[in-house]
Each structure stands twice: as C-alpha cells, then as structure tokens.
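Working notes, beginning with the structure itself.
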Amino acid sequence: MTVLGGIGQPIKRKEDARFIRGKGNYVDDVQLPGMLYLDIVRSPYAHALIKYIDIEKALKVPGVLAVIRGKDLEAAKLAWMPTLMSDKQMVLPIERVMFQGQEVAAVVADSRYAAADGVAAVQVEYEAMEPVVNPMKALEKDAPVIRWDKENKTNHIWHWEVGDRKATDAALKASDVTVTQDLYIPRIHVSSIETCGCVAAFDAMGKLTVWMTTQAPHAIRTVFALVAGLPEQKIRIISPDIGGGFGGKVPVYPGYVIAVVAALKTGHPVKWVEDRTENLQSDSFARDYHITAEIGATKGGKLTALKVKTIADHGYTDAAANPSKFPAGLFHIVTGSYPFEKAFVEVDGVYTNKPPGGIAYRCSFRVTEAAYTIERLIDILAGKLGMDPAEFRMKNFIPQQAFPYKSALGWEYDSGNYGPALRKAMDIIGYESLRKEQVEKRKRGELMGIGISSFTEIVGAGPSHTFDILGLKMFDSCEVRIHPTGKAIARFGTKSQGQGHETTYAQILAEELGIPAEDIAVEEGDTDTAPYGLGTYASRSTPTAGAAAAMAARKIREKAKLIAAHLLEVSPGDLEWKDHKFSVKGLPSKGKTMQEIAFAAYTNHPQGMEAGLEASDYYDPPNLTFPFGSYICVVDIDKETGEVKVRRFVAVDDCGTIINPMIVEGQIHGGLTMGFAAAMLEEIQYDENGNIQGGTFMDYLLPTAVETPKWETAKTTTPSPHHPIGAKGVGESATVGAPAAIVNAVVDALSHLGVTHIDIPITPWKVWSLLQEKGAA
Amino acid sequence: MIPPRFEYFAPSTLDEAVEILGRYGGEAKVLAGGQSLLPVMKLRLAEPKALVDINRIPDLAYIREDGGWLRIGATTRMNDVNDSNLAKRRYPILTDAASVIADPLVRNMGTVGGNISHGDPANDLPACMLALGAQFAVRGPKGTRTIPAASFYLDTFTTALEPDEILTEIQIPKPRTGQGNAYEKLEKRAGDFPIVGVAINLFESGRKIESAGIGLTAVGPTALHAKAAADSLVGQAPGDAAFRRAAELAMQIAQPVSDLRGPAEYKRAMIGVLAQRALRTASKRAGGGA
Amino acid sequence: MDEAEAMPAEAEVGPFARVRVTVNGAPHEAEVETRTLLVHFIRDVLHLTGTHIGCDTTNCGACTVLLDGKAVKSCTILAVQAEGRQVRTVEGLAEDGKLHPVQEGFVEEHGLQCGFCTPGMMMTTVALLAKNPNPSEDEIRHAIAGNLCRCTGYVNIVKAVQYAAQKSRGGGSK
C-alpha cells in the first residue's frame, strides 16, 4: 500500500537518491562546451591606492585569453553595483582597494589551471594607505574617512533605534537591581562546505543563463535586470543543488558579475568558482556586533527594562542582507521570552577596512545576536539577585495566556508556551540533581557548570506591509499542477540548500490533496519555470512557501469539489473533505479520490468548467512566526588547561506543527553544531593592518565529529495561529539558542569565583586566564 | 587553488632520486605523503621546479626492529605506525603522536619521514625523536650518513639535510626494561596543529630515573630538546616533585609566540601541564615494562 | 578588457605526464599536466563529479576517495601519484543498481542534508567498515574527523555508519 506521507510523517528524503549516488548537480558540476574559467586577483592590502595593474605578463601565460579590470567595467557602468541595503559596492576597483582580499582584476583562461597562472602573473602596484580596522576608532574624529566616494565624510553609516529611550532610562533608574554588560559577538563565517560560484552563458539569441550558488534566484534575476540593464525575459537564473547556504549565498558577489561580463565579452560560457581562501577572506561575514546591554529588575526578581546599544562593524560597505526597513535586522527581538514593559535598542553602523557583509550565520537577520544578548543578561542578573537561572526565567516568562503578545519593541508574538519547554529540558537533563552534583564538585575544587537558554526567535519574513528587499515584497509562492493520472508537480519561489524541501513541501501537498508525497515532484531554483519568490533564508521557507503550498492546494480542492460533485451527481454542498478525499456527508463509502477527480479534470469535467487541475498562490504572511525553545548545557572544565568539554546538551524546541520530524530533528542537530562552533571555535580576526588572521580551514576551525556534543533533542508543540498548517520554521532555532546555553554553562562553572562573562569563542586560554586571575588554578 | 607547474619524477631507486635532487640544486622537493607540501604549493607559498616522488622506490616503508634499533622507513604512513603492534606495544609514544597528527585521511598519506624532515616546529614527531634520542639515516650523493635528531633541526623549515639528501630511515634505540614514554598534545580542535606538545622518554631502574629525554612541540623555531629538564630527572625518584621541577625547566626553554592557537604565556604554562602529564604516563609505562 | 592576441607559438606548456588509473573498476588513461590534482582528474577529465572540492588545504574531506582501498583526500594528491593504482569514488559504490549498505544507511538515518560532504563522508565510512566492521560511536567519530559536515551535526551520520555496519555484518535493516 502506498503511504501518503503527509504532515507529521518521518518519511525518507526524496532528494537523497541523487546525492548518495554522487549525482547531485552543484554549480561546479556544470560543464558546457567551450567553457572558459575565471579566476580573480585579490588585494594583499586592506586599504591602498591602485597605481598600476600590469597585465602584459598575464596575457602571455599559455591559455590566458583576457584580463578584466575595473576600467573595463566602467564603460558599462558596472564597476560599482548596489548592495541589498542600498549602499554601493565595487565589482572591480578603479582607484582604491578597501579590504584585504578584495577583487582587483579577473583573468579568463581556457582552464582553471591557466586562469590561476594568469592571476599569479598579474602585477599590481599599490600605494598603501592607513587602514581603519577597529570600528570604535573609525568613529573617532580624526579617523581616516574610508568612503572617499560618498558625500558625507564620515565612517558612520546610519543610526537606528526603536523603543522608548526616556521611559527605559527611567525604568532602569527606578529598578532595584541593574546590571550592565559589554558583549562582543565576533565576525564569523558561514563556511558552507561548497564555496560560491557560477557558470554564465549567453545563447545565440542573447539570452543569459547563470547557474549560480544563490539562495534567492528570482531576486537575483531582477537585480541583474535592473543593474545590467538586460531585459528580464532574457535572464535565466538556475540555482542547482546548493552545498549549504546559511545566509552566505544570499548576496551578489563581484565574481558573479565579472563572470557574466566575461561571458558577454568572450562569447563563451564562463565558470567562476572561488576557493576556500577567497570564500573566507572576501565573502560576506556574519555578526561583528559590539554590544552594551543594561537590564533591570525589582528586588523580588521581576524584570523591568532593557536597554541595548550596539556598534555594528559593516566593513567598507553596508552589504548586509536585511529587509530594507531594518538596517540592524530583527535585532529588536532582543526582549526575548520576557515581558519587558520598557525597552530601547539603538544600533550604529560603521565602515571599516574589512570585507562587507552582515549576513546571517544560519539565523534570521541578527536574531542570534539578540537571543545571545538577552539570555546572557538574564543569567548575569539572576546571579546578581542570587536566584537560580531556571527559577528566574520561570518567574519572568511571558505567560501563555498573554499570546498573541505585543512586545515593547513592536513585535506581535504569534504563540508561545515557554514554561513547559524549560521544564521539559530540566526534567530530561535532571537539572536539580546536576545542581547538587555541582555543589559537591565545588567542594572538591572541580569545575562544572549548567547553562540555560530559553530563546524566542522571529522567522518567516515577512508581511508585505513591513518587509521588502530592494522594494521586492517578501511573499513566497507555490504553483501546483495535477496531472491526469493523479500525480503532481509543484514549483516554489524558494530554494533548498539541504533543508529537504523536495520532501517537506510534498508532504504538505500530500496532506492537503490526498496525493502520496512520492507522487509529487517538487522543483525550485529555475527562474524560467518556478513562480517568483524571495528565496530561502531566515527560516522563511515553511512560513511563506510552505503556507503557499497549503493555500494553492486548497484552491485546487475547491475546484476538485465541483468536479467530485459532478462525478457523484450530488450538490457540492453535500460533500466533505475527509480522510484525504471528497465523500458524501454521512455516506463515507461514496466518494472520489483526488486521483479520480484529476483524471476527470482532463477527461470528463463539467461543461462550462475550464479543464485541468492547477493553482498557484503567492502567500503574504499576516505576521512572522515565533519559534522558541529551552536548551540546557552541562560543561566540565579542566582546571589545568582551561579546556571546556560539553558533557550533555538537551534541546527542547517548539516550532509549531512539525511536517517531517526526521528532517526537523536533523535541522536542529545542524543548528546546534553551528551554535557550538560560534560559541567555542570560530572567529575571523584581523591584525592592526587589516590582515585577516587565518584565511583557510587550517586556521578557521569548523567543528569535527570528535568535539561536537552528542545532541539530545525533544519538543513541545505550540502551533502558529496564523499559518495555514500551524508551522513556524526551524532551520535556525538551534544556532540562535545554543551559544548562550554554552556560555552560560561555562560562566556558571566559574561563577563562584566571581566570573560573570566570557566573550565567544570560549577558548581554553580565555578560561585559563580567568582561573589564573581569580587564583583558582 | 592550483599548484604552479613543475617537473615530476618518480625514480625507482634512491640514487636516481638523489641525482635528480642534485641536478635541480635546491629547486626540487621530495614528495613523500605530500600532505604538507601540496597545500603550500597550492597556496603558492612554495614553487619548486621539480618534485621527486619517492613513493615508487621499493623498500622505503617498513617498521621493524633490527640490531639495536627500531627502524622506520621514510615513506611509512602515519596509519602504518598506528596499525603496528610493534609500535603500540614497545614504542607507545609513537602511536600517541601518530594518532593525533591531522586526521585519519591525512594519516593514510602522510609519512613519518615527511613529518620529521619538513622542519615544521608544529609537527608532532620531531619532539618525539628528540626525546627518544633517535637518529636519521640520510642518503646523498656520497652515500649514507646518520644525523642525530638532536642536531637535525636548525631553524623553521630548515634541517641538516642538504638539498640533494633524502631522509631514508628513522632509527630509534630499542627499549630496555624500565623504559616508558609518552606524547601529550593540546589542541584547539581534533586534527588541528598543536597549541603545544610534550614528548617524554624515561628509563627507570630501582625506583630511580636513570635517564630521560624531553622534546617540545610548537614553542620555538624548531622542536626543542629540553635537555636541562631531562637531566634534572636523572637520579631522582619518579614522582610529582621531580616531575614538577622538570616541567618548570621545560617551561623555561620554551619560546612560544602568541597566535591563533593561544597567547605565549598560556602556551608556556601548558608546556608545564603537559610535561607533568606526559611524565606521569611515561613513568607508569616504565613500570609496566614498556 | 584586454585580450591575448593569440597563443604564442613557442608557449611553454606542461610538463605533462601520462596517467593510467583504474577508477571504479574501469581503466582510464590520459595525458595530463604533472600538477593535475587527482580530484580535478576525477572531476574534469573523467567527469565523475560526485567527488567534491571544499577547502583546498586537505582539511574538509569533501574530496575523499579510496586509493587502493584507503580513504584519502584527492585534492592533496597528484593524479600522477595514482598511476597504476585503483581509485574508487562515490559513483562506484552501488553495484548493479543495488545501493551499498553505506548509501542505504545515510538515507535511512538522514545522514545528509545538502549532500556536498556526503560522498566523501561515505567513502571514509566504506574504508572504516572494511577495517573495523563493528565500530563504537567513539571510533566512528574519530574516523570521520577528517570529513567536515556543516549541516547535520554528525549525530545522524554516526547512526548512518552504525546502520551500514550492522547491514554489512548481515544484521538486516535493524
């Protein structure tokens, strides 16, 4: 018997069939006849004038066909391009370079080897300029102005604030207890295992096709049309299989644009695939937030107010990937799971001589920064009040009956039930007995800590009244066509990068249409065939395109009902949708399956009705969704070396209705691991000259299976009231929630020594230094 | 990342290999496992004119005891050491180290000879060689000579090897009753280069330490031979007091630099911690007759 | 854009070498530059694109293949080093259309997400199980330490390996 594979079923993934056979089709797998290769010359300086680019030697390298410089792009007005935040960014520079690793020139050759030789042969004469590396220094009066091209001679990009400053200040002043803490959330890199790249090709009719590592193919097509002036019907963006995105494949990088220019100029398809060093040095970074947060409470432990000030280091241009109205993303979810009456957030964006970015790191627009800030501050405040951090959270959570809850910073949380999630995590990990163990261990001088993070996320951007990117509203779409034999194809405006859309979307449709998931083909990523959508990032696929799937299916059901009535010779009003088919009310044996209806839609449809059975939906979500969870981490610390070992980590997540529990659990495992990575290992550092420290995987250390904790997961289920199937989005929850749990555990282990904070990543030497300082080693 | 062009030779004898190296006068490199060499070539930090692949030379991969020595052929892979019962049983320091060098896949290619002769102070085996009092057989145009480990490491990426010489065999004195050794490595993440590492070789007799060797990883321009620290142990009863004293002396010769793997003061302190741990393990193994 | 006028006739190219290598049981022979990396030989010359490139510095393991049965990183091996040897890639795992137990394990236990590290991860697993048919969780985690996965958090990869181990030992599908 065929299994329906509807909502809630842990069915195996459809896409795996090709991946496990090595038959995935990633950008670098695309091979076209006559294809050329592009490689990029990059700046060794963080800030310099370009005096001269000598390409003669490069042009003599066997296989090299052309070298492209900024001045070659200038004529076509392509030397600069707009960023997603309406700043501008160099494709190739004419006179200055602004960060180490910036694109300076590009070599086109008949093989990747020759292109690399050509890059090595290009000689560039620079005149080094003083770099501005530290954003605080960038704001000083006498700091060199980085953006010479802008009218405003300052490194300050923008100021953004939300909330009531005065009332917040007053509330903090009136609070019995307050704490203030500086937190630095360092620059990190998503480092999907597949780097970025593209293949650009023009056909004889002048149509451009770009196979591209992009999470948002439709928006890219429109951007290409607007920036390059190409007619949009002559642009086809294909996002093939993507080897991990995590936000890093949202922006348009110069390499893509240069490849298109190279294809146009040479008349050949051109492939550009960056190597890992280029990826780490030049692609968009995440985070780099310098935060100062102040939080207050009454003596009795009731939270009063929260104030957050942040300096955001954006590199040399604001190329963050945010909804247009939100230059600091959704950072103002920083009130988290707590009902602050007063709150205020301000963020100042700053230019420095570093690569641009400000993308997510598997996170919905600065939500990790927010969750980390509040969950750290809650712990510090609980410590000051002498309260157990679990008890303190329980006491302060937004109560279940308060939902939908309007936060002090303007969000309307759709649903939540925070207490039970934390209680569940405490029960699984054995919280009370761990606390007893800790007391015993401290007596023996051993260090162990227990850390909690009860985060609230905000995902699924977003409602068209507030959310757009470059003016494009952040809806998403689904188009479903049911074939005569009852099989279906569905296409979406999103693009999976490993999330399993081909399976999950089919399950939503299976549930709504009564067609087995395995009979439903799901396609995404080809702008010639898929309906327009804003793409996959910020955990928005299920909240937007997943909703569109349900809505499109329901439109189909409306028509199907008429056909069923016709076939059964009853009035549509006599029919009900039950057990995945239409049957006559009170007479369940008399009914029609969707397969029977589909056949009739092409062979025997009612006179006067259009043939066929298809529908599309462009879903404009009425609100965002607010997944949440409670994580508890236990760490043991080696006093001699400062090494931290995560002994256990329990994650209780609530992402509303679960479509495929196997996939959801996998997403949580992965998110936890990236949260762990940020907490313990990853940071991109620069020296005072703006030189990146460690631009390879030899130095930028991703977690291996050895130190990655053995994650334990559980769930509670609080459906979203506004989403058609009650789902919320889950791909990033764990990345958002995990770092605070880990840091809270480490700080908890050292709290009796007077330690209240350690910045991430928590290296053994940071812990060791604290132990030395506190005389506890 | 693409390496620059080079001539490739896969000689079938050592003499032929030596002849090619000589012909290129320092502009050729020996390709053994390639796990360090090829990445630096891909990064274009090294651009040799020629590579001399010694993997086709027969009888260069072995681990055997012969005469007074454990002999390890230069192209013996790290994982051959890890799989060797002889190494595990009688030279546990070698498997301590070889099992934490990079990752299992790199260890399938990476060679003992390469790790030892690359001259990278962050490689793990050089410190072990210093602690063990090993020597290296080296083939050059004039035949074979042996170089003690203690005089092999001259500077970062500079060894006593002439450009036309090839390290062919590692020779480690056979263990005696009462010998024990260990290697301790502290790393930021599995498979990473060490923050620091300490190699210890002890010989105990009648509850006294009769001789000792100590090597340090990643705290100087080369692996360091902590001679004073080792000498301080001689004649002492194995135990915390002697070990602490030796660890302090080892810390004194460390010349760590601050980098992504920690500040200098941390690294120096960790030499002390790891030295004591390795001494305890080595001493325990000495008691066990290893 | 400045273009090269024409390839200079006396252009120095190469050096080249002839490479004969058996890949997934089939002999192949090609004249390649001596510097050709094995991974490019496999991908660009033989068009077996299941073997991926992730880091270029022998850290990530996306390019893992079996060389004479041992798991190695093909981005850090020259094609000429494989001369006369046996290479096995992900395309050589399924036989007669029947999935290898390791492939089956990765599907059954949701051991992959984006699929990019998966071929390398599976090749490492094949080599591990050939040597150690019944690995503990700890042994599995250490064995795959040279293969980085950014999606799964490794929990399900460990289960996939255990599934494959049991299946290979004749334990059926758990």
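Protein chains in written order, with the working numbering: chain R, 1 to 777; chain Z, 1001 to 1290; chain C, 2001 to 2174.
Beta carbons: idealized from backbone N, C-alpha and C, even for Gly.
All values derive from a computational prediction rather than experimental measurement.
In this structure residue 378 of chain R is buried. Its beta-carbon is surrounded by 16 or more other beta-carbon atoms within 10 angstroms. Scanning chain Z for C-beta atoms nearer than 7 Å to the C-beta of residue 2145 of chain C yields 1103, 1104, 1190 and 1191, reported in chain order.
The region 1246-1263 of chain Z makes contact with the region 1230-1237 of chain Z; the number of CB pairs closer than 8 Å reaches 3 or more. The C-alpha of residue 1281 of chain Z is placed about 34 Å away from the C-alpha of residue 451 of chain R. Relative to residue 656 of chain R, the option among R/664, R/649 and R/650 whose CA is nearest is R/664. Residue 1023 of chain Z is outside the set of residues whose beta carbon lies under 8 Å from a beta carbon in chain C. By the rule that beta-carbons nearer than 8 Å mark a contact, residue 701 of chain R touches chain Z. In terms of Cβ geometry, residue 613 of chain R and residue 482 of chain R form a close pair [threshold 8 Å]. The alpha-carbon separation between residue 623 of chain R and residue 367 of chain R amounts to approximately 16 Å.
At a beta-carbon threshold of 7 Å, the residues of chain Z lying near residue 706 of chain R are 1190, ordered along the chain. The distance from the Cβ of residue 476 of chain R to that of residue 550 of chain R is about 12 Å, inconsistent with a contact at the 8 Å cut-off. Secondary structure note for residue 306 of chain R: it is in no alpha helix (DSSP H), and the uninterrupted beta strand (DSSP E) holding it is 303-313. A contact between stretches requires three or more CB pairs, one per stretch, nearer than 8 Å, and the region 410-417 of chain R meets this requirement with the region 331-349 of chain R. In the three-state DSSP reduction, residue 602 of chain R falls in the helix class (H, G or I).
For residue 1034 of chain Z, the chain C residues whose Cβ falls inside 8 Å of its Cβ are 2076, 2077, 2078 and 2081, in order along the chain. Not one beta carbon of chain C lies nearer than 8 Å to the beta carbon of residue 1259 of chain Z. Contacts with chain Z at 8 Å (Cβ-Cβ) include residue 275 of chain R.
Here residue 1205 of chain Z has 1178 as same chain residues with Cβ atoms under 7 Å from its own Cβ, once five neighbours each way along the sequence are excluded. In summary, no residue of the region 63-81 of chain R has a CB separated from any CB of chain Z by less than 8 Å. Chain Z places no beta carbon closer than 8 Å to that of residue 281 of chain R, leaving this residue out of the contacts. Excluding five sequence positions before and after residue 457 of chain R, the CB atoms of its chain that fall closer than 6 Å to its own CB belong to 367, 627, 733 and 736, given in chain order. For residue 454 of chain R, the uninterrupted beta strand (DSSP E) segment begins and ends at 447-456. Its chain contains 650, 712 and 714 as the residues whose beta carbon lies nearer than 7 Å to that of residue 428 of chain R, once the 5 sequence neighbours on both sides are disregarded; these appear in chain order. Exclusion of the five residues before and after residue 510 of chain R leaves 4, 5, 6, 516, 517 and 520 as the residues of its chain whose Cβ lies within less than 7 Å of its Cβ. Ranked by Cα distance from residue 414 of chain R, the first of R/654, R/697 and R/361 is R/654. Judged by DSSP in its simplified three-state form, residue 277 of chain R adopts helix. In terms of Cα proximity to residue 2033 of chain C, the closest of R/161, R/300, R/171 and R/111 is R/111. Here residue 632 of chain R carries a strand assignment [DSSP, helix/strand/coil].
When 8 Å is used as the limit between beta carbons, residue 113 of chain R is near these residues of chain Z: 1002, in chain order. Close partners of residue 1055 of chain Z in chain C (Cβ separation under 8 Å): 2081. Interface annotation, residue 2163 of chain C: not in contact with chain R, CB-CB separation never under 8 Å. Using a CB distance cut-off of 8 Å, residue 648 of chain R does not count as an interface residue toward chain C. Residue 37 of chain R: member of the beta strand (DSSP E) spanning 36-42, first to last residue. For residue 1201 of chain Z, the enclosing beta strand (DSSP E) stretches over residues 1194-1205. Straight across, the Cα-Cα distance linking residue 175 of chain R with residue 298 of chain R is about 6 Å. In the structure shown, residue 1088 of chain Z adopts helical secondary structure according to DSSP, grouped into three states.
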